[in-house]
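Comments concern the structure below.
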Amino acid sequence: MNLPKIYTNILQKVKYFYNQLQLKKLEKTTGRPLAIKMEELLTLALIKQKSGIETKKGLYETYEPRCSYKTLVVNLNRFVLLALTILNAIMKWNQKHAHPIKHTDSTDIPVCLNKNATHHKTMFGVSRWGHSGKGYYYGLKLIITTDLNQKLLALKVIKANTDDRKVFTDLNKNMTGIFVADAGYLGEKLKKQFDNRSRFLLTAVKKNMKKLETERQHALYNTRMKIEINFRSLKLFYKLVTSHPRSIDGYIANYVYSILAYCLR
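Throughout the sequence shown, residue numbering follows UniProt numbering, covering 1 to 265 in sequence.
Set out below in structure tokens:
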């Protein structure tokens, strides 16, 4: 297997979390040993996202791992829980060291082109029609919370037609600070449900309410655009959006590996 610098760099990071979280105890102790070690497998998965390799086939042909193509595909999907464990640990650490100002927003994750939606079968059971600033799409929605320094604190993948406000409180239940969001989160019910002594929801206001906002509120509203950098990077540089997987597990694995690769950048 060819070992460029990007492989060595990512492998070191994976091994660090692998040891810190004691993931080795999850390895099989009986039966036939894995053709490729789990930390090497996770490294390949993260390289696929970071290098912009479109498919698992492309990854296999580029790095020629010590296993069959089928084994690689099965194990990439099978061990996604390890990647999720690392991602969860990173987000918990980020929460403990987060800036008091936080941002919550969502972005579209289409699972196929609109023209293919009527006969798309792989994600049929979980995908829905949704609407974003770019128009209608068929797929899912990623909602995240980041701090002022753009560190990822929490995330949920939900159906495209789900109201963000329904998951907002649960998403941010373990955090404190000032939570800045756009006008889509505006609502007295959500605010009463969420606000307490340690956290406060501040949403962008509608045009007819502009005169009521203070200069400080306006400055805070403007910081919420920083979260768009996270979405832009995930989609442009870490291949968050894809239509190549042929199973639900494949789609889930792509999303998890994409977000983890972004966090380990």
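Even for Gly, the Cβ is constructed at its ideal location relative to N, Cα and C.
- For residue 55, the number of other beta carbons within 10 angstroms of its own is below 16, and it is reported as exposed.
- The beta carbon of residue 67 is closer than 7 Å to those of 35 and 36 in its chain, skipping five residues each way along the sequence.
- For residue 221, the uninterrupted alpha helix (DSSP H) run begins and ends at 215-223, by DSSP.
- Inter-residue distance for residue 194 and residue 16 is about 36 Å (C-alpha atoms, whole angstroms).
- The bridge partners DSSP lists for residue 186 come to none.
- Listed in chain order, the beta strand (DSSP E) elements of length 3 or more contained wholly in the stretch 34-71 amount to none.
- Burial check for residue 75: the Cβ neighbour count within 10 Å reaches 16 or more, so the residue is buried.
- Classified as buried, residue 38 has 16 or more neighbouring CB atoms from the shown chains inside 10 Å of its CB.
- According to the DSSP secondary-structure assignment, residue 129 is paired through a beta bridge with 138.
- Residue 181 has 203 as its beta-bridge partners, per DSSP.
- DSSP places residue 247 outside both helix and strand once states are collapsed to three, so it counts as coil.
- DSSP lists 145 as the bridge partner or partners of residue 154.
- When only Cα atoms are considered, residue 256 and residue 185 end up about 26 Å apart.
- Between residue 217 and the set 259, 101 and 87, the nearest pair of CA atoms involves 101.
- Going by beta carbons, residue 156 and residue 143 fall inside the 8 Å limit.
- Proximity to residue 86 across 243, 22 and 165 peaks at 22, based on C-alpha coordinates.
- Within the same chain, and ignoring the five residues on either side of residue 159 in sequence, the residues whose Cβ sits closer than 6 Å to its Cβ are 128.
- Taking the C-beta atoms as reference points, residue 72 is found no nearer than 8 Å to residue 43.
- Distance from the CA atom of residue 6 to the CA atom of residue 50, rounded to whole angstroms, is 9 Å.
- For residue 119, the secondary structure class from DSSP, reduced to helix, strand or coil, is helix.
- For the options 149, 258 and 177, the alpha carbon positioned closest to that of residue 226 is the one of 149.
- Three or more beta-carbon pairs separated by less than 8 Å are not found between the stretch 88-96 and the stretch 115-130, which leaves the two stretches without contact.
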